[in-house]
Amino acid sequence: MLATLLQGIRELPPDADRSIAALSLDSRTVVPDALFMALAGTSQDGRRFISDAVARGAAAVVTEGLDDARLGTVPVIACPGLRHKVGVIADRFYGSPSRALSIIGVTGTNGKTTTSHLIAHAMNIRSPCALIGTLGNGFPGALLPAERTTPDAISVHRWLDRFRREGAGAVSMEVSSHALDQGRVEGVRFMGAVFTNLTRDHLDYHGDMVRYGEAKARLFAWPDLAFAVLNGDDAFSEVLKDRLPPGVRAWRYGSTGEVRIQDVQATARGLEIVLLAPEGPVTLKSPLIGHFNVYNLAAALTTLVASGWRARDAACALAAVTPIPGRMEPVPGRADQPFVVVDYAHTPDALEKALAGARAHAVGRVICVFGCGGDRDRGKRALMGACASRYSDLAIVTHDNPRHEDPERIIADILKGVPDEARAHLVVMGDRQAAIAHALREGSAGDVVVIAGKGHEEYQQFGDRRVPYSDRLTARQLLGAP
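Each residue of the sequence shown is one higher than the last, beginning at -6 in the numbering used here.
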């Protein structure tokens, strides 16, 4: 009943209580007897579509910024601060699914996808563990595509309800700063919160690093949190530690902390890491490459230990996890060809780490293909240009997802960060497929080619149009891989 869903949130007007069969944030998905929650979004104002929702059979409407009203027999109920209450309403509608699941929330600028995948794949060895994140939602090996890192608040609880019904005991969830700021995970009971790092990104949305960090920090003040896993080598972890509610155990990983990185060897087969855990030293051999993945693996192992695993068992489980699609993912090739990896790096920090990881595996040169997305933080473009020119031997600047910006203007912004003396080792080639082909022609055995920015994505976006395209597929075809 509507009164039950809104209990403690809003007292109903007379005769407004009724049975609710579904929840919706989009009038186009309204079914008979649904509750339509009309929010003022960043690109659309749901309040403009209240009449459409009623015409499609909505039993009631809750909204913000309007007075109580009726459209025929349908009550329109004002609910101040609705955006941050949608999740609580959805939690009640679906019967509080998160309370039947051990949910791990992973946040940070870089590493969320890899770390959450590592946790889910490892946990899934013991009992079903589902995944919510950039690469899709579902169980490992059977993910359904996702439109964004963290779904809307209704979808989050709908997925959790589905996972509970399908037998999951745990969920590993990427939690973006946007999701935390917009209330998309309200009503979720998190058992653990994991922090990877904080570097520049999303300033087009948050405005500055302080507000960006504050959004991330919300996860670490979450009610009912049992433990937090913090990157001991990132200064922001101290801020997060101070936000933890009483009784929440903090676990640190890195050069200091409860799980310490003691030794790292980059091999032809990946990484070999010695970690000092509470039970003693453990060796973790992983097919992942790149020094930054040492931290992702350490974060995952620490999370498993915090969840009750023995460190040696956690290391064995993580060793079996194969490279994540589009995250320093090797592309098969011949011995006489350069070694090619596709990575999602789209921030200065991520690009630097990807190129440093490539350098550790390169006998010869490091070649980088990258661009920057449109309608996003312009300030990071020159920084990425500087990074590519500094950490690669040849940088090829190309188009990413221009969206509604002039792609040539984006490239011009990137080039502002490239020193004059580095221009001789830089090529501009707008067509992304041609840029990758040029990189592969330039490269030879012993070189490493990093194709950065798009990772797992299977489209390029120009304006509102998404053109089918994949860095992974393009590289495979150009290398003649099966």
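Yeah, the Cβ is synthetic: ideal placement off N, Cα and C, and Gly gets one too.
Practice problem: Assuming VAL168 contacts THR102 (C-beta within less than 8 Å), just tell me the rounded distance between them. | Solution: That pair is no contact at about 12 Å.
Quiz prompt | Contact under 7 Å by Cβ, LEU472 with GLN330 | solution = yes
Quiz item: Excluding five sequence neighbours on each side, which residues of the same chain lie with their C-beta closer than 6 Å to the C-beta of VAL47?
Solution: LEU64 and VAL67
Quiz item: Of the choices ARG383, LEU387, GLY364 and VAL335, whose alpha-carbon is the least far from that of ALA405?
Solution: GLY364
Quiz item: Could you give the distance in angstroms between the alpha-carbon of ASP217 and the alpha-carbon of ARG182?
Solution: 7 Å
Quiz item: With distances taken from CA atoms, which of ALA293, MET321 and ALA308 is nearest HIS284?
Solution: MET321
Exercise. Apply the 10 Å Cβ neighbour rule to GLU345 and answer buried if 16 or more other Cβ atoms are within range, or exposed otherwise.
Key: buried
Quiz item: Beta carbon of LYS409, beta carbon of ALA388: below 7 Å?
Solution: no
Quiz prompt | Bounding residues of the beta strand (DSSP E) (the contiguous stretch that carries ALA62) | solution = 62 to 64
Quiz item: Can you list, in chain order, the residues of its chain whose CB lies under 6 Å from that of PHE29, leaving out five sequence neighbours each side?
Solution: SER17, VAL23, ALA46, ALA51 and VAL54
Quiz item: Thinking just about the alpha-carbon of each residue, which of ASP413, PRO400 and ALA415 is nearest to the one in MET422?
Solution: PRO400
Practice problem: Might you give, ordered along the chain, the residues of its own chain that have their beta carbon closer than 6 Å to the beta carbon of PHE132, omitting 5 neighbours on each side? | Solution: ALA123
Quiz item: So, helix, strand or coil for PHE29, using DSSP?
Solution: strand
Exercise. Under 6 Å Cβ to Cβ from ALA438, same chain only, skipping five residues before and after it: list those, please.
Key: ASP329
Quiz item: Would you call the segment 350 to 363 and the segment 298 to 309 in contact, with 3 or more CB pairs under 8 Å?
Solution: no
Quiz item: With respect to the alpha helix (DSSP H) encompassing VAL298, which residues constitute its N-terminal and C-terminal limits?
Solution: 285 to 299
Quiz item: Since CYS122 sits in a beta bridge, which residues does DSSP pair it with?
Solution: ALA163
Self-check item: Reference ALA62, options LEU5, GLY129 and GLY74, closest by Cα
Solution: LEU5
Quiz item: So what does DSSP say about SER95, is it helix, strand or coil?
Solution: strand
Exercise. Could you pull out every residue in the same chain whose Cβ sits closer than 7 Å to the Cβ of VAL335, ignoring the five residues on either side in sequence?
Key: GLY319, GLU322, VAL324, ILE444, GLY448, ASP464, ARG465 and ALA468
Self-check item: PRO90 (DSSP reduced to helix, strand or coil)
Solution: helix
Practice problem: May I ask you to verify whether the segment 66 to 85 touches the segment 245 to 265, counting CB pairs closer than 8 Å and requiring at least 3? | Solution: no
Practice problem: Assign THR(-3) to one of three DSSP states: helix, strand, or coil. | Solution: helix
Practice problem: Would you tell me roughly how many angstroms separate the C-alpha atoms of SER385 and ARG358, rounded to the nearest one? | Solution: 8 Å
Practice problem: Following the continuous alpha helix (DSSP H) through SER170, name the residue where it begins and the one where it ends. | Solution: 170 to 174
Quiz item: What's the call for THR108, buried or exposed, on a 16-neighbour Cβ count within 10 Å?
Solution: buried
Quiz item: In three-state DSSP terms, what is CYS380?
Solution: helix
Quiz item: If you check the beta carbons only, do THR296 and VAL222 fall under 7 Å apart?
Solution: yes
Self-check item: Limits of the unbroken beta strand (DSSP E) element including GLY247
Solution: 242 to 247
Self-check item: Element boundaries [alpha helix (DSSP H), containing ASP235]
Solution: 229 to 236
Quiz item: Can you round the beta-carbon distance between LEU290 and LEU277 to whole angstroms, since I take them to be within the 8 Å contact cut?
Solution: 6 Å
Quiz item: For GLN258, is the classification buried or exposed, using 16 other Cβ atoms within 10 angstroms of its Cβ as the cut-off for buried?
Solution: exposed
Quiz item: What distance in whole Å lies between the Cβ atoms of VAL178 and GLY80, which are believed to be in contact at a cut-off of 8 Å?
Solution: 6 Å
Quiz item: With distances taken from CA atoms, which of ALA208, ALA474 and PHE188 is nearest LYS234?
Solution: PHE188
Exercise. State the DSSP-derived secondary structure class of ILE429, mapped to helix, strand or coil.
Key: helix
Practice problem: From the DSSP output, read off the bridge partner residues of ASP256. | Solution: VAL267
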